[in-house]
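Undergrad:
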Amino acid sequence: MTEQTLSTPGSARRRLLQINPVYVLLVALLVAIVLLNPAFMEPQGYMNYLKRAAALAILSGGALYVIVAGGFDLSVGAMMTLTVIGSSMLASNDPNSTYWIIPLMLGIGALVGLINGLVVSYLRVPSLIATLGMMITLTGVAFVWSGGAPRGYLPDTFRFFGRFNITGVPLVNIFPVAIICLVVFGLILWWGMHRTNLGRMIHAIGDNQRAARLAGVPVERVRITAFIVSSMSAVVAGVILGGRAGVSVDIGSGYELQAITAAVLGGAQLLGGRGSVPAAMAGALALEAIFTLLNLLGLPQPVRQVVQGLILIGAVALAMYRRKRTGR
Amino acid sequence: MSDTPVIEMRNISKSFPGVRALHDVSFSCARGEVHALVGENGAGKSTLIKILSGVYNPDSGTVLIDGKEQHFRHPQESLLAGISVIYQEFSLLPERTVAQNLFLGREPVRGGVIDGRAMEDETRRVLGLFGARHHIEPDTTVADLDVASQQLVEIAKAISLSSKVIVMDEPTAALNESECEVLFSLIDQLRAGGTTIIYITHRMREVTRLANRVTVIKDGEVAARFDHVPDPETIVRTMVGRDIADYYPPPGTPQERGNVVLGVRGGGNAFLRNIDFELRAGEITGFAGLQGAGRSALAMALFGAVPFTSGTVTLDGKGVRFTHPRDAIRAGIGVLPGDRKAEGLLLMQSVRDNGMVTARSFASFLASHRTNAHTDLAGMDKLFDRMEVRAPSYEQEMRVLSGGNQQKAIVARWLALKPKVLIFIEPTRGIDVNAKAGIYHLMRDLARSGAAVMMISSDLPEILGAADRIVVMREGRIAGEFPRGATEADIMLSATGEKHLAGEAA
Amino acid sequence: MTDTTLPAPRRSGFRFDRYASGFLLLASIVLYVGLVVVSGQTKYLSVDNLVSILGRSITLGITAIGQTFAILVASIDLSVASLISASAVVTSVVMNGEPSMMLPAILAVLALGAVVGLINGLVISKLEVNPLIATLGMSLIIQGVLSAFYNNFAGKVPVEFQIFAYGSVGIVPYSLIFMFVLAGLAWFVLRFTRFGSDIYSVGGNKDAARNAGIKTSGVIIGAHVVCSLCAAIAGLYLASRLRSGAPWIGAEGVYDLESIAVVVIGGTILAGGRGGIWGTMAGVIIFSLIDSIFNVIGMDAFVKQVVRGIIIVAAVAFYAVRSKRPVS
Numbered sequence: 024m025t026e027q028t029l030s031t032p033g034s035a036r037r038r039l040l041q042i043n044p045v046y047v048l049l050v051a052l053l054v055a056i057v058l059l060n061p062a063f064m065e066p067q068g069y070m071n072y073l074k075r076a077a078a079l080a081i082l083s084g085g086a087l088y089v090i091v092a093g094g095f096d097l098s099v100g101a102m103m104t105l106t107v108i109g110s111s112m113l114a115s116n117d118p119n120s121t122y123w124i125i126p127l128m129l130g131i132g133a134l135v136g137l138i139n140g141l142v143v144s145y146l147r148v149p150s151l152i153a154t155l156g157m158m159i160t161l162t163g164v165a166f167v168w169s170g171g172a173p174r175g176y177l178p179d180t181f182r183f184f185g186r187f188n189i190t191g192v193p194l195v196n197i198f199p200v201a202i203i204c205l206v207v208f209g210l211i212l213w214w215g216m217h218r219t220n221l222g223r224m225i226h227a228i229g230d231n232q233r234a235a236r237l238a239g240v241p242v243e244r245v246r247i248t249a250f251i252v253s254s255m256s257a258v259v260a261g262v263i264l265g266g267r268a269g270v271s272v273d274i275g276s277g278y279e280l281q282a283i284t285a286a287v288l289g290g291a292q293l294l295g296g297r298g299s300v301p302a303a304m305a306g307a308l309a310l311e312a313i314f315t316l317l318n319l320l321g322l323p324q325p326v327r328q329v330v331q332g333l334i335l336i337g338a339v340a341l342a343m344y345r346r347k348r349t350g351r
Numbered sequence: 018m019s020d021t022p023v024i025e026m027r028n029i030s031k032s033f034p035g036v037r038a039l040h041d042v043s044f045s046c047a048r049g050e051v052h053a054l055v056g057e058n059g060a061g062k063s064t065l066i067k068i069l070s071g072v073y074n075p076d077s078g079t080v081l082i083d084g085k086e087q088h089f090r091h092p093q094e095s096l097l098a099g100i101s102v103i104y105q106e107f108s109l110l111p112e113r114t115v116a117q118n119l120f121l122g123r124e125p126v127r128g129g130v131i132d133g134r135a136m137e138d139e140t141r142r143v144l145g146l147f148g149a150r151h152h153i154e155p156d157t158t159v160a161d162l163d164v165a166s167q168q169l170v171e172i173a174k175a176i177s178l179s180s181k182v183i184v185m186d187e188p189t190a191a192l193n194e195s196e197c198e199v200l201f202s203l204i205d206q207l208r209a210g211g212t213t214i215i216y217i218t219h220r221m222r223e224v225t226r227l228a229n230r231v232t233v234i235k236d237g238e239v240a241a242r243f244d245h246v247p248d249p250e251t252i253v254r255t256m257v258g259r260d261i262a263d264y265y266p267p268p269g270t271p272q273e274r275g276n277v278v279l280g281v282r283g284g285g286n287a288f289l290r291n292i293d294f295e296l297r298a299g300e301i302t303g304f305a306g307l308q309g310a311g312r313s314a315l316a317m318a319l320f321g322a323v324p325f326t327s328g329t330v331t332l333d334g335k336g337v338r339f340t341h342p343r344d345a346i347r348a349g350i351g352v353l354p355g356d357r358k359a360e361g362l363l364l365m366q367s368v369r370d371n372g373m374v375t376a377r378s379f380a381s382f383l384a385s386h387r388t389n390a391h392t393d394l395a396g397m398d399k400l401f402d403r404m405e406v407r408a409p410s411y412e413q414e415m416r417v418l419s420g421g422n423q424q425k426a427i428v429a430r431w432l433a434l435k436p437k438v439l440i441f442i443e444p445t446r447g448i449d450v451n452a453k454a455g456i457y458h459l460m461r462d463l464a465r466s467g468a469a470v471m472m473i474s475s476d477l478p479e480i481l482g483a484a485d486r487i488v489v490m491r492e493g494r495i496a497g498e499f500p501r502g503a504t505e506a507d508i509m510l511s512a513t514g515e516k517h518l519a520g521e522a523a
Numbered sequence: 002m003t004d005t006t007l008p009a010p011r012r013s014g015f016r017f018d019r020y021a022s023g024f025l026l027l028a029s030i031v032l033y034v035g036l037v038v039v040s041g042q043t044k045y046l047s048v049d050n051l052v053s054i055l056g057r058s059i060t061l062g063i064t065a066i067g068q069t070f071a072i073l074v075a076s077i078d079l080s081v082a083s084l085i086s087a088s089a090v091v092t093s094v095v096m097n098g099e100p101s102m103m104l105p106a107i108l109a110v111l112a113l114g115a116v117v118g119l120i121n122g123l124v125i126s127k128l129e130v131n132p133l134i135a136t137l138g139m140s141l142i143i144q145g146v147l148s149a150f151y152n153n154f155a156g157k158v159p160v161e162f163q164i165f166a167y168g169s170v171g172i173v174p175y176s177l178i179f180m181f182v183l184a185g186l187a188w189f190v191l192r193f194t195r196f197g198s199d200i201y202s203v204g205g206n207k208d209a210a211r212n213a214g215i216k217t218s219g220v221i222i223g224a225h226v227v228c229s230l231c232a233a234i235a236g237l238y239l240a241s242r243l244r245s246g247a248p249w250i251g252a253e254g255v256y257d258l259e260s261i262a263v264v265v266i267g268g269t270i271l272a273g274g275r276g277g278i279w280g281t282m283a284g285v286i287i288f289s290l291i292d293s294i295f296n297v298i299g300m301d302a303f304v305k306q307v308v309r310g311i312i313i314v315a316a317v318a319f320y321a322v323r324s325k326r327p328v329s
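Protein chains in written order, with our numbering: chain A, 24 to 351; chain B, 18 to 523; chain C, 2 to 329.
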């Protein structure tokens, strides 16, 4: 990738400076957690942390597609809720139902993403409003479906992905299935964003939609695909979260902002053009580490929100400042 | 004229990432003079003015107003000091009325309430200066005015400020002959009243008609200063800084001229009417006209972005109909947009990604971004090398490149697809003079290799120098066609349609 | 506007967009009356009922007046819902049933609004943080702080203060009069003062406004202060109506999204610089009528939520497809 780079004396140092700060932040946070709670070094400790973070990390990787394309997807949290509620309603305690429920939910996710993309592309509704509307709609659908209070629960075959730990693994002893999901979907999302024409075109339309259109990029198709990836990754995240935490009516609420915060922490450019899947996932891990840290410090749950708000504003302000300093 | 200059700029330097815009420029104006500031596009005139008005801060150097040093940090401070600027890009608010625009940011207030009556009266008075033939009502919404009237409103805005110094940045770009005359006599009046005018232009006719003194800027430096207006040839020579003959590549030979590639008969849409013309392989066809004459609209219609709604288009003799840029690209048409930053560049993406984008757009979504049916990364690098795109690395973000190199990188985007027709809109806007010649030679090479090149430019000397044939547009129609060797006067006459207008008035 | 951008074809005569909100208002009135007549429930056509329809939209109306300022200046405020909750809680906690504490409580709430607006404005104009993110972050912070201290209805509003919501002149409630007076005031400011004129200028073209010597930051901050003050007043009203305040009442009313929706339905464009207060008021009335139509046909609460979400998106789309501006 860098064969064109001229080898100048300062280039090694510059490359060091080019390391995305989110990785430094993540390491620093993990060190802080270990200092406060040495038990975190045990496999039990960090495996559970990764298991907790898996849903958000996958969600962030998917939401990044829409962010890099220059939009927002605020419907992903509601999509997660709908996945959990809908699956529990459909499963009706039948362990064999999982095999058709998950594909069905992925299909619903794709449909939701398609609608989001169509509304934004062809009705020209700003993505924020379109997906907020979708969020209200999906939350309503989830309520109507469950009749206001969720009955039933998810069968173990469904909860396998979020809850099950493979035991007896050498070295670490336990290995949660959620982490396997994290790695697999992380790789898929990374490949799609950074190794395909689709990924480069998502960058292009987020950078300059008009220029991309005049250069021949099928802007609408690319944007719709980004929304579909985002919604489908929300379904995957919903399956994992539902498996870990069980059924509740507001299980996904707030995740849409956490995903955006994670992407911003990972250096994604809001309104498009720049972003990295691994960095966004690292941003999600960092956010989860911050939450863990706040717990360890004994701070009440709502402080999470305050911290998240400050991070969101701070990260964007910092990015703007850096951009201004390095020239337009 | 008093001894202290009204404006004195000393040793001004200013750089942007990748571009040295101004280097050690000194410039001064006396009271009651029209000082022409001339230079090619991208020479640094606009940057100098933006420093004067406080939009940019200089990296070094000082600005003195009436002999006192000033450090403007906000345009308001320069306005208060008596300097107003009519920018080339309009700064009108389309949704507001003429009067509201005239008083933008300085509405008269009486008892805490905006005095709408006073605004209308003053607006009527200033607009009255243009004469009855150019009547504009104060309560018209600006969006409802045509381009020329908008330009007049812009000028009225500066006049009503009764500033000591008015800067006019190519104020006639959208005006026809009679509107220009109105402006010129206004300038005469203002000068007689003691106002200093800094007049930016590259039209020699206007320099001769108006200026007391001339300063020529070239490559971000002062190339010459004249205390009297010399003959146009002298100015042009200093502006361009070399013999014109070397600057532009030689014209196409009859042998190089090939068949008609693209033809339009009776083309029209909301912006265009009854368009007839042909583009030939091996030929550079220049398109001249005033701002708003429909040249870009024509390009966008050919490209399918704003399609023709009537008429026929033929490509290689076959009838075609493009309703989307992708149709046009598939058929072999490419466009180099004029506003590169808004319509051409992916500034945050790498040089390679900017070059590859079109080829990738016609490949499968999930295929590798490294290679496709048209080219691959190594092939793109070779293309960049051949075109001498100067970049620290092709993985660098596009925004760090200079304008000329950015333009070449976008040309590479199209070359990878081997287009039959390539449309250049304002090909050298914002490109420094040294790189311009490179772009002209590139266009000629393309034509030689068999492409039909359509060149749309507002820079008349450039069209005269680089094109084999010149089509002039006016008010959405083709107004005339001239062979190579036509004079600036011929083209201007055709572009402004003076004879036509006079006939109508009679 | 150079030749490289397409010149707009000269628009002539009647412009549908400028009167669209009026048509929509008329259409919803016709729909409402028609429905009531067809279903034979003519009791819904009385003046009493009309007043009660309007009375249900006071919170939304007051919030939307402020939101109009934010959107006109080409910004947006997504923190209004949280601020409404916070103001309502502050109102009821500070008053705590004591009539003597009414004035201090009102002052405290107005101060809260001013501070939030000031911070929003500063972050957006000085730190150049995208307004969506800045106000979303602010929303998280307010909600987090609020939830850290309260998790249910807290404090009590004295009977004297409930007059704000329940008192009336004849059949016209004070609050309705108050809303229209506030709208009139806002109209006056926008139409006849320098500040109002600057709002349109900065919203229409920030660079042009700056070049004309307008201090754009000050105008943006001012608009946000107005917006937050209106949300704070809406919180006062809501506390008066509910007789107490709770940390979820703002979010429950979806006032952020709905205030944006009525502003847009009222013909104020999201890109800024065009629109006005009376359009917004028309939008508020349209929304109340739609609500009433739901009531007349007896729609399920959750289905109502879904339909509202769809209507909001459709309304924005209605305007967006007409504008030639690019989508994001």
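Note that the Cβ used here is the ideal one computed from N, Cα and C, for glycine as well.
Just so we're clear, the structure is a prediction, and the values are computed from it rather than from any experiment.
Going by DSSP, what residues sit across from residue 277 of chain B in a beta bridge?
TA: Note: residue 277 of chain B sits in a beta bridge opposite B:297.
Undergrad: Quick check: is the beta carbon of residue 223 of chain A nearer than 7 Å to any beta carbon in chain B?
TA: Among the residues facing chain B, residue 223 of chain A is included, as its CB has a counterpart in that chain under 7 Å away.
Undergrad: Could you have a look at residue 216 of chain B and say whether DSSP puts it in helix, strand or coil?
TA: strand
Undergrad: Please give the ranges of any beta strand (DSSP E) in the region 343-390 of chain B, keeping only runs that are unbroken, at least 3 residues long and fully inside the region.
TA: 350-353
Undergrad: So if DSSP puts residue 44 of chain B in a beta bridge, which residue, or which two residues, is it bridged to?
TA: Answer is B:26, bridged to residue 44 of chain B.
Undergrad: Report the start-end ranges of each alpha helix (DSSP H) in the region 93-178 of chain B that is 4 residues or longer and not cut off at the edges.
TA: 115-119, 133-145 and 164-177
Undergrad: List the whole-angstrom C-beta distance separating residue 100 of chain A from residue 277 of chain A, where the pair is believed to meet the contact cut-off of C-beta under 8 Å.
TA: 6 Å
Undergrad: As an exercise, report each continuous beta strand (DSSP E) stretch of at least 3 residues that is fully enclosed by the region 178-232 of chain B, in chain order.
TA: Runs found: 182-186 and 213-218.
Undergrad: Give the straight-line distance between the Cα atoms of residue 105 of chain A and residue 155 of chain A, rounded to the nearest whole angstrom.
TA: 15 Å
Undergrad: Only counting runs of 4 or more residues, tell me where the alpha helix (DSSP H) segments fall wholly within the region 93-135 of chain C, in order along the chain.
TA: Entirely contained in the region 93-135 of chain C, the alpha helix (DSSP H) runs reaching 4 residues are, in chain order, 103-126.
Undergrad: Taking its Cβ as the centre, do 16 or more other Cβ atoms sit within 10 Å of residue 44 of chain C, making it buried, or is it exposed?
TA: Counting Cβ neighbours within 10 Å, residue 44 of chain C comes out exposed, since fewer than 16 surround it.
Undergrad: Hey, would you say residue 215 of chain A sits closer than 7 Å to residue 45 of chain A, going by beta carbons?
TA: no
Undergrad: What does residue 343 of chain A touch in chain C if you count any residue whose Cβ is under 7 Å from its own?
TA: 128, 129 and 130
Undergrad: So which of B:75, B:301, B:236 and B:115 has the shortest CA-CA distance to residue 265 of chain B?
TA: B:301
Undergrad: Determine, using beta carbons only, whether residue 193 of chain C comes closer than 7 Å to chain B.
TA: yes
Undergrad: Can you tell which of C:170, C:39 and C:147 has its C-alpha closest to the C-alpha of residue 49 of chain C?
TA: C:170
Undergrad: Indicate whether at least one CB of chain A lies closer than 7 Å to the CB of residue 354 of chain B.
TA: Taking Cβ atoms only, chain A reaches closer than 7 Å to residue 354 of chain B, which makes this a yes.
Undergrad: Give, in chain order, every residue of the region 367-391 of chain B whose Cβ lies closer than 8 Å to some Cβ of chain A.
TA: Residues 370, 373, 374, 375, 377, 378, 379, 380, 381, 382, 383, 384, 385, 386 and 389.
Undergrad: With 16 other CB atoms within 10 Å as the buried threshold, where does residue 431 of chain B fall?
TA: buried
Undergrad: What separation, rounded to the nearest whole angstrom, lies between the Cα atoms of residue 50 of chain B and residue 176 of chain B?
TA: 16 Å
Undergrad: Within this structure, are the beta carbons of residue 277 of chain B and residue 292 of chain B separated by less than 7 Å?
TA: no
Undergrad: Output, in chain order, the set of chain C residues within a Cβ distance shorter than 8 Å of residue 127 of chain B.
TA: Going along chain C, no residue has its Cβ under 8 Å from residue 127 of chain B, so there is no contact; the nearest lies around 10 Å.
Undergrad: Check each candidate in B:80, B:491 and B:153 and name the one with the smallest Cα separation from residue 311 of chain B.
TA: The shortest Cα separation from residue 311 of chain B among B:80, B:491 and B:153 belongs to B:491.
Undergrad: Put residue 274 of chain A into one of helix, strand or coil per three-state DSSP.
TA: Reduced to three states, the DSSP call for residue 274 of chain A is coil.
Undergrad: Can you list, in chain order, the residues of its chain with a C-beta nearer than 7 Å to that of residue 204 of chain C? Leave out the 5 residues immediately preceding and following it.
TA: 73, 74, 75, 273 and 274
Undergrad: Under three-state DSSP, which class holds residue 473 of chain B?
TA: strand
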